[in-house]
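What follows is a short report on a single structure.
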Amino acid sequence: MKAIVNVFLKNGVLDSQGKAVQHALSGHGFATVSDVRVGKQIIIEMNETNAESAKAKVAQMCEDLLSNTVIEDYTIEIQA
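Quick note on our numbering: the sequence shown kicks off at 18 and runs consecutively.
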């Protein structure tokens, strides 16, 4: 199974990298872009056969190591 984890800053947390990208896009003529948020994607290959078990394990990985839950949220997608 493959787990795809998307980690991103919580709403209300300043995303300085996103603001820099937004500014750069505006400078390149993309003035209609009103906001940019930058995150990270982590792809994990697992030797699991049960999607629920895999998702629970990945959620624990996110809570323990892959995200800073004080300022970040995450989503998990499990692919067979």
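Glycine included, every Cβ here is placed at the ideal spot set by N, Cα and C.
Asked, Found
"Inter-stretch contact (C-beta, 8 Å, three-pair minimum) for the region 61–70 and the region 23–42", "no"
"Option nearest Ala97 by Cα separation, candidates Ala37, Leu82 and Ile61", "Ile61"
"For Leu26, the three-state DSSP class (helix, strand or coil)", "strand"
"9 Å Cβ cutoff met for Ala41 and Ile95", "no"
"Beta carbon of Val24 nearer than 9 Å to that of Glu89", "yes"
"Residue from Asp52, Lys57, Arg54 and Val75 with nearest C-alpha to Met63", "Val75"
"Three-state class that DSSP yields for Glu20 in the structure shown", "In the sequence as presented, Glu is not what sits at residue 20; that position holds Ala. Strand at Ala20."
"Three-state class that DSSP yields for Gly56 in the structure shown", "strand"
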